[in-house]
Each structure stands twice: as C-alpha cells, then as structure tokens.
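Written below as structure tokens is the structure these notes are about.
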Amino acid sequence: MNFKKWISFGLAGCFLFSGCAAQREQAQAALENSQQENRYEATSFAMDTVMTFTIIHEDGEELLIDAEQEIRRLENLFSVTLDDSEVRQINENAGDKPVHVSADTLALLKTGEELGEKTGNAFDIAIYPVVKAWGFTEEEHSVPSQETIDRLLPLTNLDGLILNEEDSTAYLEKEGMAIDLGGVAKGYASDRVKDLLKEKGVESALLSLGGNICAIGSKPDGNPWKTAVQNPIDENDYVGLLEATDTCIITSGGYQRYFEEDGKRYHHIIDPATGWPAESGLLSVTIVCESGTKADALSTALFVMGLEDALSYWKSQNDFEAIFVTEDGEVVATEGLKDSFTFEGKDNDFTYRLAER
Ligand code: AMP
Ligand code: MG
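Rendered as structure tokens:
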C-alpha cells in the first residue's frame with residue numbers, strides 16, 4: 025500500500041461508517057509517533073459521531089475523562105433529539121414562552137445568530153423545521169413536497185429568535201419554529217475542550233470530532249500536527265495535507281450525510297433561501313480558523329454560498345482560511361494556506377489553484 029493510501033485509509037464517510045475514524049486515527053498515530061511518553065488517546069461516540077482525543081500530558085488519563093465529560097455535558101444542552109436538552113425545551117416552547125438556558129447555550133445561540141447575519145443567512149440555526157422535513161435528524165429520509173417546504177421556510181427566519189441576556193432566556197416567537205445547532209455544536213465543543221485542557225496545562229493535543237480537527241500547540245517534537253483533507257468523491261483518498269498548530273480545521277461536505285431517491289442524491293446542508301439541499305457547485309469546504317465555533321459555522325455557510333460568494337466573503341474577513349473542492353474538479357486554497365497546505369490530488373484529475381486577496 026502506498027503512503028498516500030495508507031494515511032487516508034478510512035478517512036472518508038466518517039459520518040456514515042463509524043469504524044473508519046478509528047482506523048484513520050490509528051494510521052495517523054502510527055505515522056506520527058508510536059512511542060511517545062505521556063501520550064494518551066481515547067475514542068468515543070458522542071454528538072452523533074466518532075471522537076478521538078490525543079493528549080500529551082502526564083495527567084492525560086484523567087484529562088481524557090474530563091474532556092469526555094465536557095462533551096457529554098454540551099451534548100445534553102445542544103442535542104435536538106435528546107429529550108431534556110435545552111435546545112429541545114426551546115423548541116417545545118416555541119410560540120409559548122421563553123426558556124431559561126445555560127451560559128453555553130446562550131453564547132452559542134448568540135454566536136449562531138451573529139454568524140447568520142454576517143453570512144447573509146447562509147448559516148441559519150433556525151433551519152430545523154426544514155431539516156426535519158427532509159428526515160435528516162431521525163434518519164427517515166424523504167423528499168418533501170414543494171408545498172411543505174414553502175410552508176416551513178418562513179419558520180426558519182432568525183428574526184423570530186429572541187435572546188434575553190439579562191434573564192438568560194431564549195424564545196422562539198412562532199409555534200413550529202425550531203433551533204438546530206448541528207452545524208456548529210461540534211466546533212463549539214472543540215473550543216470548550218481546548219479551553220479546558222489548556223487551563224489544565226496541556227500544551228500539545230489533537231482533538232478529532234468526526235474528522236474535524238482542533239490542534240492544541242504542535243506535536244511534542246515541535247512539528248505541526250498533520251491532517252488530510254478528504255477527496256469528496258473517493259472515500260479512500262484525500263486531496264491534500266494540512267499542517268495545523270493551534271488551530272481548528274473543519275470540513276462540511278454533501279458527501280458526509282445524504283440519501284438517494286429516484287437516482288438523485290440529496291445531502292444534509294440546506295440552502296435557507298430555498299429549503300433544498302444547497303446546489304452551489306461545491307463538494308466540500310474546509311475552514312481553518314483559531315475558533316472551532318466559527319470554523320464550523322463557516323464551513324456550512326460557505327458551502328451554501330458557493331465558490332464565488334465564499335471567496336468574496338473570505339476577502340472581507342481576516343480571521344480564517346479555506347479550501348474548496350468544486351464539482352468541476354478544482355481544489356482552491358486561500359492564500360494564507362500557501363505554506364501549510366500540500367495539494368495531493370493530481371492522481372484524481374483535480375487541478376489546484378491558490379486564491380489571492
Ligand atoms: P455541517 O456538517 O457542520 O455542515 O452541519 C450540517 C448540519 O447543520 C445539518 O445536518 C443540519 O443539522 C444543520 N444545517 C443544515 N443546513 C444548515 C444551514 N444552512 N445553516 C445552519 N445549519 C444547517
Ligand atoms: Mg458546520
């Protein structure tokens with residue numbers, strides 16, 4: 025098996041096949057350092073995905089437990105399916121009354137709302153009525169009628185989300201409205217775990233939440249952590265390698281969750297303007313950003329926008345970089361990644377270009 029195939033083995037479809045993330049981590053671990061002192065690693069299933077945390081610290085064993093507890097705590101706040109989650113309570117009280125929420129939920133709703141406004145509503149945390157109609161939450165997929173979509177779309181308008189910071193409450197004005205933090209919760213969770221570990225003195229760690237990466241520091245030998253950017257059309261391949269030091273790398277792609285009906289593929293990233301899966305000409309968007317929350321929201325939003333609008337948005341901001349894989353077979357990286365991204369897609373007929381400001 026050649027090097028490229030070996031490192032990427034099991035990378036693809038991590039949301040569909042839970043075993044593959046572990047395989048990928050194994051390959052990565054073997055590659056990077058198999059006999060490090062104080063290297064602790066654990067894999068678990070949470071937030072509907074496989075998570076692997078690697079911590080380099082003498083107290084790594086306990087820290088892994090702390091990290092997992094933090095993830096569970098956040099999942100219990102943000103899940104749209106767990107009975108007692110705060111998001112569930114907000115949704116169940118839509119059109120009725122405000123719900124008291126924790127500081128984490130309030131902060132994430134506020135950030136989600138802000139990023140929705142900044143991205144021209146390409147990112148919409150009130151998208152749940154439509155996501156549910158497509159059956160993506162319960163995995164009971166079906167194509168809704170246009171009539172259903174037309175009826176539900178007005179309920180996804182974020183103006184109907186009322187946050188009261190003084191009382192720490194959240195209220196959805198109209199019955200039938202519902203919050204879905206699925207596009208941002210894993211990024212937020214990686215930020216919180218990163219903070220927790222740093223507070224406890226961790227200077228080197230790699231958090232993988234379903235293939236989304238958050239790097240603390242660099243590897244113990246001083247080299248950057250490395251991760252692969254998946255080839256969206258070949259689950260056993262990747263289009264390039266990214267180096268990461270103290271940053272998060274988060275990918276959204278239609279290949280990650282989808283169903284097929286009458287020979288057509290429908291994926292889980294909804295264009296809030298139409299209520300249909302976004303057909304923007306992109307296969308995937310990878311965001312590199314210090315903030316995992318922002319990286320997660322932007323990966324979803326820029327996928328909806330399409331390459332041209334996404335590049336304009338990138339040019340108007342200065343706190344993230346991106347890699348786009350297009351349906352036309354192009355891999356486009358923004359210029360800040362010039363030295364940290366290595367294109368490897370030649371064998372698959374991808375072409376590569378660097379986008380400049
Ligand atoms: P991600 O994998 O981060 O791109 O998030 C996709 C998930 O976010 C979906 O499974 C939905 O739960 C939710 N979602 C879908 N479309 C949007 C959107 N336009 N804005 C915000 N969240 C969305
Ligand atoms: Mg996202």
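All residue numbers for the sequence shown refer to our numbering, where the first residue is 25 and numbers rise by one. Glycine is no exception: its CB is placed at the ideal position from the N, C-alpha and C atoms.
Check	Outcome
Check: D204 C-beta below 7 Å from any heavy atom of ligand 1	yes
Interface flag, N188 vs chain D, CB-CB below 8 Å	No chain D is part of this structure, which consists of one protein chain only.
Beta-carbon proximity of A229 to I240, cut-off 8 Å	yes
C-alpha distance - A213 paired with L98, whole-angstrom precision	7 Å
Ligand 2 heavy atom lying under 7 Å from the CB of S9	Residue 9 is absent from the model: the chain starts at 25 and stops at 381.
Bridge-paired residues (DSSP) for S68	M75
L266 and A91 closer than 8 Å at C-beta	no
Presumed contact (8 Å Cβ cut-off) between T129 and V208, rounded CB distance	Contact doesn't hold; Cβ gap of about 12 Å is too wide.
Endpoints, alpha helix (DSSP H) assigned at L309	Checking the sequence shown, residue 309 turns out to be Val, not Leu. Segment 306-313 is the beta strand (DSSP E) holding V309; no alpha helix (DSSP H) there.
Bridge partner(s) assigned by DSSP for V253	G264
Beta-carbon gap between G369 and G264 smaller than 8 Å	yes
Among L87, S364, M75, nearest to G225 - alpha-carbon criterion	L87
Selected residue, minimal CA-CA separation from S192, among P248, V123, A268, R175	V123
Own chain partners of D148 with C-beta closer than 7 Å, once the 5 adjacent residues on each side are dropped	G140, T180, L182, P296
Inter-residue spacing [alpha-carbon to alpha-carbon] between L177 and A150	10 Å
Whole-angstrom distance between S304 and Y290, CA atom to CA atom	13 Å
Check whether L411 and L132 have beta carbons under 8 Å apart	The structure shown has nothing for residue 411, since the chain only spans 25 to 381.
Nearest neighbour of I173, chosen from L196, S232, E94, P301 [CA to CA]	P301
Coarse secondary structure for N100, derived from DSSP in three states	helix
Which listed residue (T78, G119, D333, K250) has its alpha carbon closest to that of G144	D333
Sufficient close CB pairs (3 or more, under 8 Å) joining the segment 319-330 to the segment 360-369	no
Per-residue burial, N115 [other beta carbons within 10 Å of its own, 16 or more giving buried]	buried
P153 versus S340: straight-line alpha-carbon distance, rounded	31 Å
Residue of R281, G211, G234 minimising C-alpha distance to V385	The structure shown does not extend to residue 385, since the chain is modelled only from 25 through 381, so no value can be given for it.
Close Cβ partners of W158 (< 8 Å) along its chain, the five nearest in sequence each way excluded	H165, S166, V167, P168, Y290, H292, I294, P301
Closer than 7 Å: G207 CB and nearest ligand 1 heavy atom	yes
Given D72 as reference, the closest of G234, E380, L205 once Cα atoms are compared	G234
Three-way DSSP call (helix, strand, coil) for P248 in this model	coil
V167, DSSP secondary structure in three states	coil
A146 Cβ short of 7 Å to ligand 1 heavy atom set	yes
C-beta atoms of L322 and T350 nearer than 8 Å	no
Same chain, Cβ closer than 8 Å to V104, neighbours up to 5 away in sequence not counted	V111, R112, N115, Y152, T161, A202, I203, D204, L205, G206
Length at least 3, wholly inside the segment 94-138: the beta strand (DSSP E) runs in chain order	none
Host alpha helix (DSSP H) of R216 (start-end)	209-223
Residues near L331 by beta carbon distance below 7 Å, same chain, minus five either side	G305, L306, F348, T350, V356
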